[in-house]
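Position 401, counted from 1, in the sequence shown is what our numbering calls 488; the numbers after and before it change by one each time, with no gaps.
Let me begin by presenting the structure, written as structure tokens, before commenting on it.
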Amino acid sequence: MTKPFRGAIALLSAGLLGGGVVSACAANPGPPPVVEEAPSEPSATSTTTTPPPEPTERSRVAVGVDPLQAGLNPHLLADNQQVVEDIADLVLPSVFHGDRIDTDVVDSAEEVEPPEGVAQRLRYEISSAAQWSDGTPLTSADFSYLWEKMRSTPGVKSPAAYQAISAVHSSDGGKIVTVDLSTRVADWSELFQHLLPAHLLEEGDVSFSAALANDIPASAGRFLVASVDNARGMITLNRNDRYWGAEPSQLDVVELHYMRSSQQAVNMLRTGQVGFTDIRPEQTTMESLALVPGVDAQTQGGLRQLRLQLSTRTLADTPARRALASLVDTDQLARLATGRSADLSVARNPVDAGADLTPLRELAENRPIRLAADPSDVPATNAANALVDVLTSQGIPAEVVGEKMSVIASTLLPNERADAVLAWHDLSLQPADFADYFVCPGPENRAVGDLSGYCPEDAAAQLARILGGEYTGEQALEQVRALNAAQTLYVPIVDETRVHAVGRGIAGPAGRPAEWSLESAPTWKEGERDEE
88 MTKPFRGAIA LLSAGLLGGG VVSACAANPG PPPVVEEAPS EPSATSTTTT PPPEPTERSR
148 VAVGVDPLQA GLNPHLLADN QQVVEDIADL VLPSVFHGDR IDTDVVDSAE EVEPPEGVAQ
208 RLRYEISSAA QWSDGTPLTS ADFSYLWEKM RSTPGVKSPA AYQAISAVHS SDGGKIVTVD
268 LSTRVADWSE LFQHLLPAHL LEEGDVSFSA ALANDIPASA GRFLVASVDN ARGMITLNRN
328 DRYWGAEPSQ LDVVELHYMR SSQQAVNMLR TGQVGFTDIR PEQTTMESLA LVPGVDAQTQ
388 GGLRQLRLQL STRTLADTPA RRALASLVDT DQLARLATGR SADLSVARNP VDAGADLTPL
448 RELAENRPIR LAADPSDVPA TNAANALVDV LTSQGIPAEV VGEKMSVIAS TLLPNERADA
508 VLAWHDLSLQ PADFADYFVC PGPENRAVGD LSGYCPEDAA AQLARILGGE YTGEQALEQV
568 RALNAAQTLY VPIVDETRVH AVGRGIAGPA GRPAEWSLES APTWKEGERD EE
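In structure tokens:
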């Protein structure tokens, strides 16, 4: 998903090398040759030996980030964290970045005349130099792999545009990719972001949900994942020396240190152990950072929103869903979920308090109301526990079902073992992201589509309108809000807030901390930043 502008977030909260590449630049699967020089003849007139050259010290910076909750797959709701998105931007190739084509990855990407029976045809020409860090060329197989997994895996982010693809064709040794769509997608630049190394992930019987659980085995970006050490609380990114693009990283190593508390972040910034942090705040984070000399900190809106997503499979009647939603005090739940009252961007519950609870009580006569949350997601789990307490205080039996988000999406919800789920969802004004609410589960895969499992009567028509560009982002948002007002599919609780703090040790962008992001790490150097 393309990162939205901050103005778009505010609106939501209120409701390089081109052609001419010769064969010598093509990807080479083999390792670079090692040439050994013949030993020199010993001199009869001298016993002086030349000392070996001192090893060149690698440039290195340290950054504070939120602890990794699950895996590193940027396409999964289960792995929906800012640090995962940032690592993906540094490690994985994308055809487009926003509206800008990445000419390091593809020589061209264009819409071409479709044959009869095809709504839209796209053609990509992959750069002959594009390769993974193990030397394997980037090919059409990487496009096919992502398409197949995005249309068949439960709990993926923004599947609607991939559902519209009917076929992916390969030619010219896998360097030409032709994509046919059964429904027109106006914002087709949203497709094929963060491509994955199919040649490694297709091996064995590993699901898409688990494929990047512990690492990213190969890179086609400016950095590669050298290690993930959750026990030590550190992810190490090394410069990808096989990167073929015009602007490789100026840094050799970026260390990502888990900030398990705000006090740890404050201490490490104070001592210079990290030069930049991008974390979720606690109650006194900004107050503490303001006291540290030489540290500049800012809060800013994040790209995610914590929601209560209601299942239409178990809460089949709208009055039952409305009853549960009416018990959500978003102000209270936002505080309890995040553990703070400062720097909160609380969402508005579309359902007023005081709804008739009878339908919910009747359901709870046979079994408790089950709220699912991933135990590794602390705010979601806090919110689930608090809402269970609210239900219990109303005399309605309820319980929290703690399970991995991938299991919640693939098993608990489609098999009617959870009534609702607390999870983070991307905030976006891209029309294709709103189309997900009109992707209906099918008989062969009941888990694909929106987590609510709801299929509107006009789903196909609305899906075509949204994907086809008949609505702007704001208009598509209004369509989803109208659907939610009528059917009560989700309750927004709180928008994510980030704290960017800049200390010393990194010469990065000039300007305020809000302008910093890990995505810009390839341009950083060791040293001190320029002031405005």
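All C-beta atoms in this analysis are idealised placements derived from N, C-alpha and C, irrespective of residue type, glycine included.
Just so you know, these numbers come straight off a predicted model, no measurement behind them.
Hey, could you find the ends of the alpha helix (DSSP H) residue 237 is sitting in?
-> 227-239
What is the rounded straight-line gap between the Cα of residue 329 and the Cα of residue 209?
-> 29 Å
Bridge partner(s) assigned by DSSP for residue 268 | 207 and 252
Roughly how many angstroms lie between the CA atoms of residue 306 and residue 573, to the nearest whole one?
-> 45 Å
Check whether residue 564 and residue 521 have beta carbons under 8 Å apart | yes
Segment contact flag, the region 144-152 with the region 309-316, C-beta cutoff 8 Å, min 3 pairs = no
Exposed or buried, residue 187, counting other C-beta atoms within 10 Å across all chains shown (16 or more means buried)?
-> exposed
Are residue 493 and residue 296 closer than 8 Å when you measure CB to CB?
-> yes
Assign residue 605 to one of three DSSP states: helix, strand, or coil.
-> helix
Give the DSSP-derived three-state secondary structure of residue 224 in the structure shown.
-> strand
Pick out whichever of 524, 568 and 538 has its Cα sitting closest to the Cα of residue 551.
-> 524
Assumed close pair residue 443, residue 584 - CB separation to whole angstroms, cut-off 8 Å | That belief does not hold up - the Cβ atoms of residue 443 and residue 584 are roughly 35 Å apart, past 8 Å.
Taking C-alpha atoms, which residue in 567, 173 and 160 lies nearest to residue 545?
-> 567
Pairwise C-alpha distance: residue 539 and residue 518 = 19 Å
Alpha helix (DSSP H) runs wholly inside the region 330-374, at least 4 long, in chain order | 349-357
Leaving out five residues before and five after residue 298 in sequence, what residues of the same chain have Cβ atoms less than 6 Å from its Cβ?
-> 288
Give the DSSP-derived three-state secondary structure of residue 548 in the structure shown.
-> helix
When the Cα atoms are used, what is the spatial distance from residue 169 to residue 262?
-> 32 Å
How many angstroms separate the CA atom of residue 608 from the CA atom of residue 158?
-> 21 Å
Does DSSP put residue 473 in a helix, in a strand, or in coil?
-> helix
DSSP on residue 453, reduced to helix/strand/coil?
-> coil
Based on the DSSP secondary-structure assignment, which residues constitute the bridge partners of residue 511?
-> 393
On a CA-only basis, which of 228, 588 and 191 is nearest residue 152? Give me that one, please.
-> 588
What does a CB cutoff of less than 7 Å around residue 160 pick up in its chain, not counting 5 residues either side in sequence?
-> 166, 298 and 299
Go ahead and pull the three-state DSSP assignment for residue 325.
-> strand
In terms of alpha-carbon separation, which member of 373, 285, 560 and 473 lies closest to residue 353?
-> 373
Distance, residue 476 Cα to residue 449 Cα = 18 Å
Where residue 194 falls: helix, strand or coil (DSSP) | strand
Thinking C-beta only, is residue 497 closer than 8 Å to residue 241?
-> yes
Would you kindly work out how many angstroms separate the C-alpha atoms of residue 511 and residue 555, rounded to a whole number?
-> 27 Å
Please list, in chain order, all residues of the same chain as residue 253 whose beta carbon is under 8 Å from its beta carbon, the five residues on each side excluded.
-> 205, 267, 268 and 269
Return the chain-ordered list of same chain residues with a C-beta closer than 6 Å to the C-beta of residue 196, the five sequence neighbours on each side being excluded.
-> 182, 188 and 211
Residue 513 versus 284, 381 and 392, residue with shortest Cα-Cα distance | 392
Which stretch, first to last residue, makes up the alpha helix (DSSP H) that contains residue 412?
-> 405-413
Roughly how many angstroms separate the alpha carbons of residue 282 and residue 229, rounded to a whole number?
-> 6 Å
Using the rule of at least 16 other Cβ atoms within 10 Å of the residue's Cβ for burial, across every protein chain shown, is residue 259 buried or exposed?
-> exposed
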